[in-house]
Amino acid sequence: MEDEMHNQPADSNDPAGSESPRASVILVTGTTNGLLSMCVQSLIDAGWDDRDELLIVDNGASENTRLFLTALEGSVTIVFAAPTASLGISRNSGAQAAKGAYLIFLDQSALVTPGWIDALIEEARGSGAGIVSGRMQLAGSPYSRAGLVLEPETYPRNLWAPVDDQVAGSESYDCQVASGDCLLVDRRLLLSHGCFDTRYTSELCEIEFTIRAYHRGARIRYCGAALVTLQNPRPIRTTRPEGMDLMWLMTYWATLRADRVDDERIATLADRQRQWARPNGTGNVIAVAFRVPPPPSAIAPAPGPTHSLAAPAAPAAPELDNVTLAAVRASQARAWPAEIHVPITPTMPFFARIQMLAASIRRFGGAFASSRIVVTVSRDLEPVDLSAVYAWSRQLDVEWRWIDAATYDDLGMYATALVRMTYDFEAPFVVLLDADTLCTGELDELPSLAKAGLAGVIAHFLPAVAERGLPWEDGAEREGQEYWDHLFACAGLPRLPSEHEQIGWRVADSDEPRELCPPYFNLGMLAASSGVMRRLGEVVMDELATVTKLVNSRFRCQLAVTMALARCEIPAAALPLRWNFPNDMASWDEQSDGADDIRVLHYMHRDEIDRDLGLTGLRGVDEMLDRDDLSLVNRLMQSRVKEVRSSMGEVQPTEPG
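Under the working numbering, the first residue of the sequence shown carries the number 95, and numbering increases by one thereafter.
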């Protein structure tokens, strides 16, 4: 009987009473009066229906917002909540005061379109769904959110649909979960299930409620015809305290799916408090949304950080038609062979480097060509949506991730290079590349070469040689083995054996004796399993802070990686030069097997190709491609870029020469 009630459409005969409103639109406001007023105006412009009611929950509104709310008195219902109340508490307060048969929770930054509310209600009545979510266009983005999926042991996934595609995202479909920026809920369903669980923060309380309702028999639908624009969309974050909530939410979902989640996995998730969200408009793009069978009848217990997790019967998995299978697989399964992470400064030369690098990976990377490419951007300016600015990054499926301001303020540009080691990787293998590298051959061998450790090419010259005369914190200058001994001793680390030959000694004309070193890698290319990279990421930022205090070296990032290897007792694999090949002819002549086997070309030398002054955009790239005076090693770069140039987009009129 309870399940039947959950799936019956609400109407004028429901328990809310015959005189009750058709629907109650519930907004929660704080201090952002501008967003609220625009939202209310959009409701009016879209043709407000007197059969509906508007409730605004005052959650610590500013004086200006209070004045605005006062002006609305008589036409809206004002509900007061504590200034520190969470979104779940505030929305529950609105729900308990509402009279409508349907409750529609709307983000205060939303701008609605004509017919949006009718589309939601008609979808609920026509399908018998107790929960219906709308389509959300993100302001300034070429993509809209066309639903949400929550996979076993992973984060909530937005399904993206191109805004200019009249078909993608416009269909309605059954789903297992929904978010709360534009969410219709049958009033009886919400109240009978105890409303939103306020132990969860932010949007997670809404996601948890829809999961709970689905597994108690409620039907959930996505309605593509109910379109709203979000001026200031809420991210789903995994920073504390939401990270712990999200870990439990993921575990709960996996349990309902009868997927095994062992204690080690739970502990790992609990320890991963990193922001995961992919930037708007990248990845997860679908043509048509997938469809899900009717909800299961099994009733599952409500989750929570204090509850044990029972394992009821698993619902059927989503059924995909042939048209959508390939598209959804990329957004739902995420079977990346690897993640490739690159740090940059937000300048035109760096963007040009990423264009060339991403295109070369997609063309020459072999089995790694379909890898996830994530670019970490230093905080030289306030973050902007780079995926919306650069269409080529969407075409090449490049993600942008800005470093957080506090870390950047503390450790500067050096933090940008190493913070990528701290991410919660989803692929089984991780490759770190410098922006001024180019993929010139298949990367498939890297997992077998890295084995259980960190793989890279030993730096061309040691800091004791390249920065000879640079004083340490005590004013002394150190060279050779003394350099390493002092570094390890000051950091409280075990001394790593010096058994690797620096590459530069084999190609430089020097009277100095060949000097061996610990595993001191050039950052142009590093590779490891995601597990190894996570372990290094747990300590590498602290090592960077330590070495910064000891010596003012421009190679402090490379030193920090060596220190992290020592701290974690992780083995190192020194790779041949072809995995991080410098663009100089001395190295070319030394390489016995020539250019055919070079996998990663590092164009660090500027005598022929100046990456900063010559490659400031595609115009500069095209000029490089037209040159006939390049050496053999730089001709390799030229030939590879020529092969991928068509995938890099067109020169923009405003682009610098």
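Glycine is no exception: its CB is placed at the ideal position from the N, C-alpha and C atoms.
For residue i, which residues does DSSP report across the bridge?
i: residue 611; result: 594
i: residue 654; result: In DSSP, residue 654 forms no bridge with anything.
i: residue 697; result: Answer is none; residue 697 lacks a bridge partner.
i: residue 322; result: 206, 230
i: residue 308; result: Residue 308 is not bridged to any residue.
i: residue 550; result: 620, 668
i: residue 493; result: 468
i: residue 280; result: 196
i: residue 516; result: For residue 516, which the question treats as bridged, DSSP gives no partner whatsoever.
i: residue 237; result: 256
i: residue 267; result: 316
i: residue 571; result: 565
i: residue 152; result: 123, 174
i: residue 525; result: 434, 621
i: residue 725; result: Answer is none; residue 725 lacks a bridge partner.
i: residue 117; result: 196
Pick helix, strand or coil for residue i, following the three-state DSSP scheme.
i: residue 204; result: strand
i: residue 331; result: Legend: pLDDT at residue 331 = 41, less than 50; position of this residue unreliable, value from coordinates given subsequently. It is coil, neither helix nor strand.
i: residue 742; result: helix
i: residue 301; result: helix
i: residue 162; result: helix
i: residue 531; result: strand
i: residue 508; result: helix
i: residue 316; result: strand
i: residue 710; result: coil
i: residue 807; result: Examination of residue 807 is not possible in this model, given that the chain is present from 95 through 751 alone.
i: residue 424; result: Caution applies to residue 424, whose pLDDT of 40 falls short of 50 and renders its modelled position unreliable; the value that the coordinates give is listed next. In this structure, residue 424 counts as helix in the three-state DSSP scheme.
i: residue 272; result: coil
i: residue 557; result: helix
i: residue 225; result: strand
i: residue 676; result: strand
i: residue 217; result: helix
i: residue 147; result: strand
i: residue 345; result: Note that residue 345 scores a pLDDT of 48, beneath 50, so its modelled location is shaky and nothing firm can be said.
i: residue 242; result: strand
i: residue 645; result: strand
i: residue 292; result: coil
i: residue 140; result: coil
i: residue 737; result: helix
i: residue 482; result: helix
i: residue 587; result: coil
i: residue 501; result: helix
Short of 7 Å in beta carbon distance, which residues of its chain neighbour residue i, apart from the five on each side in sequence? Order them along the chain.
i: residue 739; result: 719
i: residue 755; result: The structure shown does not extend to residue 755, since the chain is modelled only from 95 through 751, so no value can be given for it.
i: residue 304; result: 225, 271, 272, 314
i: residue 797; result: Absent from the structure is residue 797, since the part of the chain shown begins at 95 and ends at 751.
i: residue 545; result: 667
i: residue 136; result: 205, 206
i: residue 596; result: 552, 553, 554, 555, 556, 609, 611
i: residue 519; result: 433, 624, 627, 628
Since I believe residue j is in contact with residue i (beta carbons under 8 Å), could you give me their beta-carbon distance rounded to a whole number of angstroms?
i: residue 620; j: residue 550; result: 4 Å
i: residue 625; j: residue 537; result: Not a contact, Cβ separation roughly 19 Å.
i: residue 658; j: residue 637; result: 5 Å
i: residue 215; j: residue 140; result: Not confirmed; about 14 Å, so no contact.
i: residue 120; j: residue 151; result: 7 Å
i: residue 535; j: residue 693; result: 4 Å
i: residue 241; j: residue 308; result: Rounded, the Cβ-Cβ distance is 14 Å, inconsistent with contact.
i: residue 218; j: residue 196; result: 6 Å
i: residue 442; j: residue 710; result: 5 Å
i: residue 162; j: residue 129; result: Their Cβ separation, rounded to whole angstroms, is 11 Å, which puts residue 162 and residue 129 out of contact at 8 Å.
i: residue 552; j: residue 649; result: So it is not a contact: roughly 13 Å between Cβ atoms.
Please go through the same chain and pick out, in chain order, the residues whose beta-carbon is closer than 8 Å to the beta-carbon of residue i, but skip the five residues on each side of it.
i: residue 186; result: 289, 290, 292
i: residue 489; result: 741, 743
i: residue 357; result: Any reading at residue 357 needs caution, since the residue's pLDDT is 36, under 50, leaving its predicted position unreliable; the model's value is listed next. Taken in chain order, the list of residues that qualify is empty.
Got a sec? Which residues, its chain only, sit under 6 Å from residue i by beta carbon, not counting five neighbours each side?
i: residue 430; result: 465, 466, 521
i: residue 99; result: At residue 99, the pLDDT of 30 sits below 50, so the modelled position is not reliable and the matter cannot be decided from this model.
i: residue 477; result: 496
i: residue 133; result: 202, 204
i: residue 525; result: 432, 434, 621
i: residue 487; result: 481
i: residue 420; result: Only weak support exists for where residue 420 lies, its pLDDT of 37 falling under 50; the value from the coordinates is given anyway. No residues qualify anywhere along the chain.
i: residue 584; result: 644
Runs of beta strand (DSSP E) wholly within the segment 429-476 (minimum 3 residues, chain order): 433-438, 466-471
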